[in-house]
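S.K.: Going down the list, the protein sequences come from chains A, B and C. Read left to right, the first sequence gives residues 307 to 407 (the numbering used here). Read left to right, the second sequence gives residues 307 to 407 (the numbering used here). Read left to right, the third sequence gives residues 307 to 407 (the numbering used here). Here it is, the structure, as structure tokens.
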Amino acid sequence: MPELSEVTCMVIVAEALVESRLIEDLHACGARGWTLTPAQGQGPRNRRVSEIEGGSIRVEVLASVDVANQIWQKLEDDYFGDYGVSAWSYPVQVLRTSRYR
Amino acid sequence: MPELSEVTCMVIVAEALVESRLIEDLHACGARGWTLTPAQGQGPRNRRVSEIEGGSIRVEVLASVDVANQIWQKLEDDYFGDYGVSAWSYPVQVLRTSRYR
Amino acid sequence: MPELSEVTCMVIVAEALVESRLIEDLHACGARGWTLTPAQGQGPRNRRVSEIEGGSIRVEVLASVDVANQIWQKLEDDYFGDYGVSAWSYPVQVLRTSRYR
Numbered sequence: 307m308p309e310l311s312e313v314t315c316m317v318i319v320a321e322a323l324v325e326s327r328l329i330e331d332l333h334a335c336g337a338r339g340w341t342l343t344p345a346q347g348q349g350p351r352n353r354r355v356s357e358i359e360g361g362s363i364r365v366e367v368l369a370s371v372d373v374a375n376q377i378w379q380k381l382e383d384d385y386f387g388d389y390g391v392s393a394w395s396y397p398v399q400v401l402r403t404s405r406y407r
Numbered sequence: 307m308p309e310l311s312e313v314t315c316m317v318i319v320a321e322a323l324v325e326s327r328l329i330e331d332l333h334a335c336g337a338r339g340w341t342l343t344p345a346q347g348q349g350p351r352n353r354r355v356s357e358i359e360g361g362s363i364r365v366e367v368l369a370s371v372d373v374a375n376q377i378w379q380k381l382e383d384d385y386f387g388d389y390g391v392s393a394w395s396y397p398v399q400v401l402r403t404s405r406y407r
Numbered sequence: 307m308p309e310l311s312e313v314t315c316m317v318i319v320a321e322a323l324v325e326s327r328l329i330e331d332l333h334a335c336g337a338r339g340w341t342l343t344p345a346q347g348q349g350p351r352n353r354r355v356s357e358i359e360g361g362s363i364r365v366e367v368l369a370s371v372d373v374a375n376q377i378w379q380k381l382e383d384d385y386f387g388d389y390g391v392s393a394w395s396y397p398v399q400v401l402r403t404s405r406y407r
């Protein structure tokens with residue numbers, strides 16, 4: 307039986323144009339890794355990001371609860387008002403917690 | 307500390323050819339946003355969707371429990387029998403619940 | 307109301323070069339389906355997989371707890387030491403549990 311521990315998985319879907327800045331901000335918040343996939347999205351405010359404009363990115367970050375809270379704060383302060391950004395988080399199990407703290 | 311609230315995240319993996327119809331049905335069920343990524347998949351019934359046929363799509367929807375239940379019903383009624391569709395759901399935390407209700 | 311049951315969703319992010327071997331190993335562990343999306347990633351050890359080298363893959367597997375444990379064991383035995391692999395798991399609800407057992 308593997309010994310699993312809990313960390314927070316956070317998913318952020320944003321316009322592709324914010325990619326570099328978002329990755330920098332995630333690092334500044336203490337995130338130590340991320341997974342990025344290209345995406346298309348339509349948000350609750352019906353702002354559809356045109357594929358012509360470069361589409362969207364879906365970024366997944368595993369982090370401690372503290373780091374996740376800092377990311378939430380950053381998104382609220384600098385992203386939600388200005389960009390078509392959606393985010394959600396949930397607890398996940400990992401094998402080697404120390405990598406994410 | 308961010309004030310987070312719970313909504314349901316639903317993931318649907320389907321043949322790319324059903325994309326337009328699926329998105330329409332999600333809206334009709336009350337979903338107000340979605341994230342779409344290209345994918346390849348192999349389902350439990352060993353039906354592998356050929357890349358030549360256009361591959362698969364992975365659609366993520368955040369919704370209230372009620373809307374999620376309507377999507378489940380729609381998938382059961384109109385998709386699972388006819389298409390290579392997989393779906394799963396789980397609770398996630400969001401910062402601005404009102405956007406998803 | 308749909309009758310949902312719980313299975314484990316496991317996400318594995320790995321260098322694209324291990325794709326065939328990983329899919330084989332997932333099957334050998336008892337997984338009956340998977341969803342694959344292209345990805346880029348940076349892990350906690352700062353090993354960024356170059357896009358030039360083919361990037362990364364993000365593989366999602368729905369499985370029973372037993373199968374998930376076997377996959378964790380396989381990752382620990384054969385992947386974590388040698389490759390830039392990240393993995394996490396969490397419980398999800400599905401409509402037709404029998405497909406994943």
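The C-beta atom is built at its ideal place from N, Cα and C for all residues, glycine as well.
In angstroms with no decimal places, state the Cα-to-Cα distance between residue 339 (chain B) and residue 381 (chain C).
M.R.: Cα to Cα, the separation comes out at about 35 Å.
S.K.: If I follow the unbroken beta strand (DSSP E) through residue 364 (chain C), where does it start and stop?
M.R.: Element bounds for residue 364 (chain C): 362–369.
S.K.: Which residue marks the beginning of the alpha helix (DSSP H) containing residue 334 (chain A), and which one marks its end?
M.R.: Residues 325–334.
S.K.: Is it the case that the Cβ atoms of residue 364 (chain B) and residue 319 (chain B) are separated by a distance below 8 Å?
M.R.: Going by C-beta atoms, residue 364 (chain B) is nearer than 8 Å to residue 319 (chain B).
S.K.: Helix, strand or coil: which one does DSSP assign to residue 337 (chain A)?
M.R.: Coil.
S.K.: Using 8 Å as the threshold, is the segment 383–391 of chain B in touch with the segment 379–395 of chain A, meaning 3 or more CB pairs across them?
M.R.: Counting Cβ pairs under 8 Å, fewer than three are found: no touch.
S.K.: What residues from the segment 355–386 of chain A come within 8 Å of chain F, judged by C-beta to C-beta, listed N to C?
M.R.: Checking the listed chains, one finds no chain F in this structure; the protein chains it contains are A, B and C.
S.K.: Quick one: give me the first and last residue of the beta strand (DSSP E) that residue 319 (chain B) is part of.
M.R.: 311–321 is the extent of the beta strand (DSSP E) around residue 319 (chain B).
S.K.: Considering only residues of the same chain and omitting the five flanking positions on each side of residue 373 (chain A), which have a CB-CB separation below 7 Å?
M.R.: Cβ within range, chain order: 335, 336 and 337.
S.K.: Tell me, please, whether the CB atom of residue 394 (chain C) is closer than 8 Å to any CB atom in chain B?
M.R.: No, no contact with chain B.
S.K.: Applying a beta-carbon distance threshold of less than 8 Å, which residues of chain A neighbour residue 344 (chain C)?
M.R.: By Cβ distance, chain A contributes 343 and 344.
S.K.: Which term fits residue 316 (chain A), buried or exposed, when burial requires 16 or more other beta carbons within 10 angstroms of its beta carbon?
M.R.: Buried, since its Cβ has 16 or more Cβ neighbours within 10 Å.
S.K.: How should residue 330 (chain A) be labelled, buried or exposed, when 16 other C-beta atoms within 10 angstroms of its C-beta is the threshold for buried?
M.R.: So residue 330 (chain A) ends up on the exposed side.
S.K.: Taking DSSP's pairing of strands, which residues face residue 378 (chain B) in a bridge?
M.R.: Partner(s): none; residue 378 (chain B) has no beta bridge.
S.K.: For a test of the three-state rule: what should DSSP assign to residue 373 (chain C), helix, strand or coil?
M.R.: Reduced to three states, the DSSP call for residue 373 (chain C) is helix.
S.K.: Using a Cβ-Cβ cutoff of less than 6 Å, which residues in the same chain neighbour residue 416 (chain A) once the five nearest sequence positions on both sides are dropped?
M.R.: Past the edges of chain A, shown from 307 to 407, lies residue 416 (chain A), and the structure says nothing about it.
S.K.: Where does residue 321 (chain C) land, buried or exposed, given buried means 16+ other C-beta within 10 angstroms?
M.R.: Counting Cβ neighbours within 10 Å, residue 321 (chain C) comes out buried, since at least 16 surround it.
S.K.: For residue 400 (chain A), does the count of other Cβ atoms within 10 angstroms reach 16, so buried, or fall short, so exposed?
M.R.: The residue is buried, with at least 16 neighbouring Cβ atoms inside 10 Å.
S.K.: So, using beta-carbon positions, are residue 368 (chain A) and residue 391 (chain A) closer together than 8 Å?
M.R.: It is not a contact, given that the beta carbons lie outside the stated cut-off.
S.K.: Straight-line CA distance for residue 377 (chain C) to residue 332 (chain C)?
M.R.: In a straight line, the C-alpha of residue 377 (chain C) is about 7 Å away from that of residue 332 (chain C).
S.K.: Can you find a C-beta in chain A that's less than 8 Å from the C-beta of residue 323 (chain B)?
M.R.: Judged by the 8 Å Cβ criterion, residue 323 (chain B) is not in contact with chain A.
S.K.: Roughly how many angstroms lie between the CA atoms of residue 370 (chain B) and residue 389 (chain B), to the nearest whole one?
M.R.: So the two alpha carbons sit approximately 25 Å from each other.
S.K.: When you compare each of A:344, A:396 and A:310 to residue 324 (chain A) by their alpha carbons, which one comes out closest?
M.R.: Among A:344, A:396 and A:310, the Cα nearest to that of residue 324 (chain A) belongs to A:344.
S.K.: If you measure from the beta carbon of residue 347 (chain B) to each beta carbon in chain A, is any gap under 8 Å?
M.R.: Taking Cβ atoms only, chain A never reaches closer than 8 Å to residue 347 (chain B), which makes this a no.
S.K.: Can a CB atom of chain A be found closer than 8 Å to the CB of residue 315 (chain B)?
M.R.: So yes, residue 315 (chain B) belongs to the interface.
S.K.: Around the C-beta of residue 309 (chain B), are 16 or more other C-beta atoms found within 10 angstroms, so that it is buried, or is it exposed?
M.R.: With fewer than 16 Cβ atoms within 10 Å of its Cβ, residue 309 (chain B) is classed as exposed.
S.K.: Rounded to a whole number of angstroms, what is the C-alpha to C-alpha distance between residue 342 (chain B) and residue 347 (chain A)?
M.R.: Rounded to the nearest angstrom, the two C-alpha atoms are 6 Å apart.
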